[in-house]
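Under the numbering used here, residue 346 is the last one in the sequence shown; the count climbs by one each step, no gaps.
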Amino acid sequence: MDYARLVQSWLYFGFLPEYSEEVVNPLDFLYVTPDHKRLVRSSQFMENPEPQESDKIRLLLADAKRFLFHISRIPYATQDPLSIILLSVSVLIGSLDEYSIFGDSSFHLEQDLPQTWLLAERMSSIGWCPHHIRRICGTLSPDKAYFISFLNRHERPGIDHSLCSETSCTANDVNEETYETLHASQDCQCSMVGVDEARLAEILRQGKIPIVRVETDRTTNRPRLKLIATSMSNKYVAVSHVWADGLGNPRSNSLPQCQIKRLARQISALPKGNKFGTLFNQLHSSGYFWADWVPAIQTASEDLQQTSRWFWMNTLCVPMVNRAFECKRLTKWLLSILGRATC
């Protein structure tokens, strides 16, 4: 028995006219690729779908999900093309569910379904981490998960997810004993710029949030960091980053001058009010990617002290002494730190 054809005729082309209450011609969904593959494409139907609010639609969606659930568990479901058909039905139901006031936010691809394995295999082949795949398929609706599966991963050179599992991603783990803070360019050897670590510890003992701002030393014309305890009047930016990208420092609360200048430029260029900037990717000489904000109008001679904004960054604002304890304590404050930030 041709299960794939039966399921497609029933749960795909049979479902659509029941949902739309219009005659549906399957040939209208046929798309032939340049290499002569015959595909089903529902983009024409999904361009302007009408929101459905009747009890009939609620029951129809519930029945379709139930039938899909049971069919996905028959032994033959793991074989092509039935697994592909089941994925297409899952995406269709998930998409139409979005337009219904009865939409089920819990509808997602369960881990043991053949259509989930199919999507996971596709994502794994283009570099997705098993942990991220499980989170995407297990929390998002099938249409969203399917869309994400077409997004290429832009990982820095050397990232390897082969040792990651469905429960954790280890590709960005770092060894603090051998960790090296990166400069903005591979040939740069500029000195480090840090904060007053005694003052930093004192701010945290007072139960306050430390923030920093980049200023220019009038004597040396080099960047320096001003450290204060934030108050209700201070607006600041929270900088989130991955240590594996090179902006961490396990030895001191400091970063190279070149990175401090780059951070100041990025943070100062973030949108303020109704002013917007442009985001572009810059390839680091060692193969890393930096993402920089550039304001619509930027004066090259602008003084750091005049344009710099306050910001919080764990590399500069979490003391090195008893770092494990401080990180654990700051985890409780993280919601407050991020919630009070303007960006």
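Glycine is no exception: its CB is placed at the ideal position from the N, C-alpha and C atoms.
On the premise that residue j lies in contact with residue i, defined as a C-beta separation below 8 angstroms, what is that separation, rounded to the nearest angstrom?
i	j	result
Leu-122	Ala-148	6 angstroms
Thr-345	Lys-238	5 angstroms
Pro-160	Val-196	That pair is no contact at about 27 angstroms.
Leu-338	Ala-241	Not quite, the Cβ-Cβ distance comes to about 11 angstroms (not below 8 angstroms), so this is no contact.
Ile-88	Ala-7	5 angstroms
Met-323	Ser-255	6 angstroms
His-134	Ser-171	6 angstroms
Leu-319	Val-215	5 angstroms
Could you check what DSSP says for residue i in three-state terms: helix, strand or coil?
i	result
Trp-131	coil
Asn-284	Its pLDDT being 44, under 50, Asn-284 is placed unreliably by the model, and nothing is read from it.
Glu-218	strand
Lys-238	coil
Trp-204	In the sequence as displayed, the identity of residue 204 is Ala instead of Trp. Helix, per DSSP.
Ile-139	helix
Pro-160	coil
Ala-232	strand
Val-92	helix
Pro-226	strand
Ser-12	helix
Beta carbon of residue i, beta carbon of residue j: below 9 angstroms?
i	j	result
Pro-84	His-186	no
Ile-90	Gln-118	Reading off the sequence, residue 90 comes out as Leu, not Ile. Yes, Cβ-Cβ distance for Leu-90 and Gln-118 is below 9 angstroms.
Ala-67	Phe-18	yes
Ile-212	Trp-131	no
Ile-206	Leu-228	no
Ser-348	Ala-267	Because the chain in this structure spans residues 4 to 346, residue 348 falls outside the shown range and cannot be described.
Thr-233	Arg-343	yes
Let me check you understand the geometry: is the CB of residue i closer than 8 angstroms to at least one non-hydrogen atom of the ligand FAD?
i	result
Thr-181	By its list of ligands, the structure shown contains no ligand whatsoever, and the ligand FAD lies outside what it can speak to.
Identify, in the order they occur along the chain, each residue of the same chain with its Cβ nearer than 8 angstroms to the Cβ of residue i, setting aside the five sequence neighbours on each side.
i	result
Leu-71	Leu-14, Leu-89, Val-92, Ser-93 and Ile-96
Phe-16	Val-27, Pro-29 and Phe-32
Asp-199	Leu-230
Under 7 angstroms Cβ to Cβ from residue i, same chain only, skipping five residues before and after it: list those, please.
i	result
Ile-162	Ala-174
Can you list, in chain order, the residues of its chain with a C-beta nearer than 6 angstroms to that of residue i? Leave out the 5 residues immediately preceding and following it.
i	result
Arg-137	Glu-169
Counting pairs of beta carbons, one from the region 239-258 and one from the region 170-177, are three or more of them closer than 8 angstroms?
yes
Between the region 121-141 and the region 35-42, do three or more beta carbon pairs fall short of 8 angstroms?
no
Per the contact definition of three or more C-beta pairs closer than 8 angstroms, is the region 136-146 in contact with the region 179-194?
no
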